[in-house]
Amino acid sequence: MKLIIEKDYKGISKRAAKEILKIINNKENSILGLATGSSPIGLYEELIKLNKENVVDFSKVTTINLDEYIGISSNHPQSYRYFMNNTLFNHINIDKKNTYVPNGNAEDMKVECIGYDKNIRDLGGIDVQLLGIGGNGHIAFNEPDEELILGTHVTGLTESTIKANSRFFDSVDEVPKNAITMGLGEIMKAKSIILIASGEGKAEAIAKLFSGKITTKSPATLLAVHNDVTVIIDEQAASLLNK
Ligand code: F6R
Numbered sequence: 237m238k239l240i241i242e243k244d245y246k247g248i249s250k251r252a253a254k255e256i257l258k259i260i261n262n263k264e265n266s267i268l269g270l271a272t273g274s275s276p277i278g279l280y281e282e283l284i285k286l287n288k289e290n291v292v293d294f295s296k297v298t299t300i301n302l303d304e305y306i307g308i309s310s311n312h313p314q315s316y317r318y319f320m321n322n323t324l325f326n327h328i329n330i331d332k333k334n335t336y337v338p339n340g341n342a343e344d345m346k347v348e349c350i351g352y353d354k355n356i357r358d359l360g361g362i363d364v365q366l367l368g369i370g371g372n373g374h375i376a377f378n379e380p381d382e383e384l385i386l387g388t389h390v391t392g393l394t395e396s397t398i399k400a401n402s403r404f405f406d407s408v409d410e411v412p413k414n415a416i417t418m419g420l421g422e423i424m425k426a427k428s429i430i431l432i433a434s435g436e437g438k439a440e441a442i443a444k445l446f447s448g449k450i451t452t453k454s455p456a457t458l459l460a461v462h463n464d465v466t467v468i469i470d471e472q473a474a475s476l477l478n479k
């Protein structure tokens with residue numbers, strides 16, 4: 237894993253944008269795996285700026301998001317589809333037909349999960365998967381557990397994730413308890429992976445990521461066996477490394 241330590245969140249956003257730019261400029265019909273949450277907001281702002289300056293063209297790019305809540309509509313301001321439209325897609329020259337977010341309101345979630353993975357395969361696989369990381373080491377909504385699921389699946393959120401995500405809702409009771417998420421198998425099949433993390437709350441998970449061990453109790457540690465991972469973090473998230 238390649239580790240890049242930037243001074244702060246702005247540094248992470250700029251650096252990650254540069255890495256994604258390289259991929260799109262190398263292959264105009266790139267398949268980007270995208271994430272939601274606080275971590276990528278600055279990066280998305282950078283990409284919007286670069287698009288407006290004509291430095292990057294999204295017209296042939298396809299995006300595939302990691303996850304979506306179950307039980308809130310795609311128009312809900314906290315749904316990940318809404319977040320992606322609002323934070324990125326509405327501001328760049330991407331064709332929304334080429335943006336995929338799992339449907340958390342599908343009639344048959346099993347069919348939705350199988351179809352989501354098939355779509356990734358049919359598109360030829362993900363060129364670069366962007367990831368944030370939970371304080372407990374989760375990636376997408378693959379939470380610490382005895383076993384991790386390879387394919388896209390429905391999962392319950394842990395108490396710690398519900399609590400962490402309650403900052404976006406009026407109260408903790410409004411946070412959905414279930415989500416649909418890409419599994420570790422699909423994530424690990426991405427040709428390259430960029431993980432970004434900022435702040436002290438991520439320091440423990442980052443220290444585990446570089447501990448030289450893998451464990452399903454901290455799902456991000458599995459990334460250590462992928463051969464093209466770039467981890468871009470700030471000094472605070474790096475504060476427990478080598479300790
Ligand atoms: C979001 C996702 C989550 C977040 C993680 C970190 O699509 O899959 O795994 O990346 O919870 O969230 P933030 O960036 O809000 O700290």
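Residue numbering for the sequence shown follows the working numbering, beginning at 237 and increasing consecutively. Each residue gets a CB set at the ideal place from its N, CA and C atoms; glycine is no exception. Keep in mind the model is a prediction, meaning the values are calculated, not measured.
Asked: Residue interval of the beta strand (DSSP E) (run including Leu445); Found: Counting along the chain, Leu445 falls outside any beta strand (DSSP E), though it belongs to the alpha helix (DSSP H) covering Ala439 to Leu445.
Asked: Segment limits, beta strand (DSSP E) that includes Ser428; Found: Ser428 to Ala433
Asked: Range covered by the beta strand (DSSP E) that runs through Ala415; Found: Asn414 to Thr417
Asked: Cβ neighbour criterion (16 or more within 10 Å) applied to Asn301; Found: buried
Asked: Where the alpha helix (DSSP H) containing Thr397 begins and where it ends; Found: Glu395 to Asn401
Asked: Three-state secondary structure (DSSP) of Thr335; Found: strand
Asked: Cβ-based burial, Arg357 [other Cβ within 10 Å; buried from 16]; Found: exposed
Asked: Sequence-distant residues of the same chain with beta carbon closer than 6 Å to Thr394, five excluded per side; Found: Glu379
Asked: Meets three-Cβ-pair contact criterion under 8 Å: the region 340-351 and the region 364-374; Found: no
Asked: Ile308: CB within 7 Å of a non-hydrogen atom of ligand 1; Found: no
Asked: CB of Leu384 within 8 Å of CB of Pro313, strictly; Found: no
Asked: Contact test: Ile375 Cβ vs ligand 1 heavy atom, cutoff 7 Å; Found: yes
Asked: Of the listed residues Leu367, Lys438, Ser274 and Gly351, nearest to Phe189 (C-alpha basis); Found: Outside the shown range of the chain (237 to 479) lies residue 189, about which nothing can therefore be said.
Asked: Through-space distance from Ser309 to Ile248, alpha-carbon basis; Found: 31 Å
Asked: Tyr316 Cβ short of 7 Å to ligand 1 heavy atom set; Found: yes
Asked: His389 - DSSP class collapsed to helix/strand/coil; Found: strand
Asked: Contact under 8 Å by Cβ, Val297 with Asn334; Found: yes
Asked: DSSP state of Asn378 mapped onto helix, strand, coil; Found: strand
Asked: CB of Asp353 within 8 Å of CB of Glu422, strictly; Found: yes
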